[in-house]
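Just so you know, the sequences run in chain order A and B.
The working numbering applies: residue 0 is where the first sequence begins, and numbers increase by one.
The working numbering applies: residue 85 is where the second sequence begins, and numbers increase by one.
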Amino acid sequence: GAGVSQSPSNKVTEKGKDVELRCDPISGHTALYWYRQRLGQGLEFLIYFQGNSAPDKSGLPSDRFSAERTGESVSTLTIQRTQQEDSAVYLCASSRQGRTTEAFFGQGTRLTVV
Amino acid sequence: KQEVTQIPAALSVPEGENLVLNCSFTDSAIYNLQWFRQDPGKGLTSLLLIQSSQREQTSGRLNASLDKSSGRSTLYIAASQPGDSATYLCAVPFGNEKLTFGTGTRLTIIP
Numbered sequence: 000g001a002g003v004s005q006s007p008s009n010k011v012t013e014k015g016k017d018v019e020l021r022c023d024p025i026s027g028h029t030a031l032y033w034y035r036q037r038l039g040q041g042l043e044f045l046i047y048f049q050g051n052s053a054p055d056k057s058g059l060p061s062d063r064f065s066a067e068r069t070g071e072s073v074s075t076l077t078i079q080r081t082q083q084e085d086s087a088v089y090l091c092a093s094s095r096q097g098r099t100t101e102a103f104f105g106q107g108t109r110l111t112v113v
Numbered sequence: 085k086q087e088v089t090q091i092p093a094a095l096s097v098p099e100g101e102n103l104v105l106n107c108s109f110t111d112s113a114i115y116n117l118q119w120f121r122q123d124p125g126k127g128l129t130s131l132l133l134i135q136s137s138q139r140e141q142t143s144g145r146l147n148a149s150l151d152k153s154s155g156r157s158t159l160y161i162a163a164s165q166p167g168d169s170a171t172y173l174c175a176v177p178f179g180n181e182k183l184t185f186g187t188g189t190r191l192t193i194i195p
C-alpha cells in the first residue's frame with residue numbers, strides 16, 4: 000500500500016478483555032516497530048521485527064503483551080487481560096532495511112480500557 | 085544507553101519568522117537521524133532523514149543539520165506558517181536498531 004495502515008483506528012474495551020491490534024507495513028519493508036504513546040507522553044518502544052531475525056522484545060512491559068509477524072507482512076499486537084494503564088495510542092512503523100533507512104508511521108490505534 | 089534531548093519543550097513564534105529546533109544525543113555512534121512532526125491525535129509524519137555521513141538535508145522550507153561529533157542536530161524552518169504548528173520529534177537508531185526518540189518540541193505559530 001501507499002503507507003503504513005493500522006486497524007482499528009479506535010478501540011474501546013472493558014478491563015480484563017483481550018485486544019488485538021493490526022499493522023500493515025509498506026510493501027517491501029523488512030523492519031517493523033511497535034510503539035506506545037500515553038496521553039501527553041513520549042514514544043515508548045515495545046517491539047522490533049527485522050526480516051527473519053528474532054524480534055527485539057525488550058520493550059514489552061509485561062507478559063500480557065505479545066506480537067507476531069509472519070515474514071515481511073502484517074503484524075499483530077495482542078494485549079491480554081487489559082488494564083486501564085494500557086490505555087494509549089499504539090503506533091506502528093516500518094522501514095525498508097531497519098536502522099539505515101527512513102521509518103514511516105501509521106496513524107495509530109487509540110485504545111481505551113474502561 | 086542512548087539518550088535524546090530536545091530543547092525547548094515548547095516554542096511560540098509569530099508567523100513568518102525563521103526558527104530553529106534543537107536535538108542532542110549522547111552517543112555519536114549513530115547511523116542517521118530522523119525528524120518527524122506529530123499533529124494532535126495523529127501519527128508521526130517523517131520530515132527528513134539525515135545520514136551519518138551527511139552534514140545537512142533540505143526539503144522545501146525545512147533544513148536539518150547534523151554534527152555527530154558534538155551530538156547535535158538542528159531543524160531549521162524558514163518563513164514559518166500556522167500549518168507548521170505541531171510537535172517536532174527527532175529520533176536516532178542505535179545499537180539494537182530500535183529508534184530512540186526525543187521528548188519533542190511543541191511548536192505554535194501565531195498568525
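Cβ coordinates follow ideal geometry from the N, Cα and C atoms, glycine included.
- Bridge pairing for P98(B): I194(B) [DSSP].
- Leaving aside the five residues that flank K14(A) on each side, the residues in its chain whose CB is nearer than 8 Å to its CB run, in chain order, T81, Q82, Q83, V112, V113.
- Bounds of the beta strand (DSSP E) holding V88(B) are 88-91.
- Taking 7 Å as the cut-off between beta carbons, the residues of the region 71-98 of chain A near chain B are L90, G97, R98, in sequence order.
- At a beta-carbon threshold of 7 Å, the residues of chain A lying near Q118(B) are E101, A102, ordered along the chain.
- Around the beta carbon of R139(B), fewer than 16 other beta carbons sit within 10 angstroms, so the residue counts as exposed.
- The way I'd put it, the region 125-136 of chain B does touch the region 147-159 of chain B; three or more beta-carbon pairs between them come closer than 8 Å.
- DSSP places A170(B) in the uninterrupted beta strand (DSSP E) bounded by 170-177.
- For T89(B), the closest alpha carbon among the candidates T187(B), I193(B), P195(B) is that of T187(B).
- Between the alpha carbons of S153(B) and K10(A) lies a gap of roughly 44 Å.
- In chain B, no part has a C-beta under 8 Å from the C-beta of L31(A); the shortest such distance is about 11 Å.
- Scanning chain A for C-beta atoms nearer than 8 Å to the C-beta of G188(B) yields G41, reported in chain order.
- Residue pairing by DSSP places E67(A) opposite T75(A) in a beta bridge.
- A straight line joining the alpha-carbon of T158(B) with that of V3(A) spans about 27 Å.
- Secondary structure note for I134(B): its beta strand (DSSP E) is the uninterrupted segment 128-135.
- In the three-state reduction of the DSSP assignment, D85(A) falls in the helix class.
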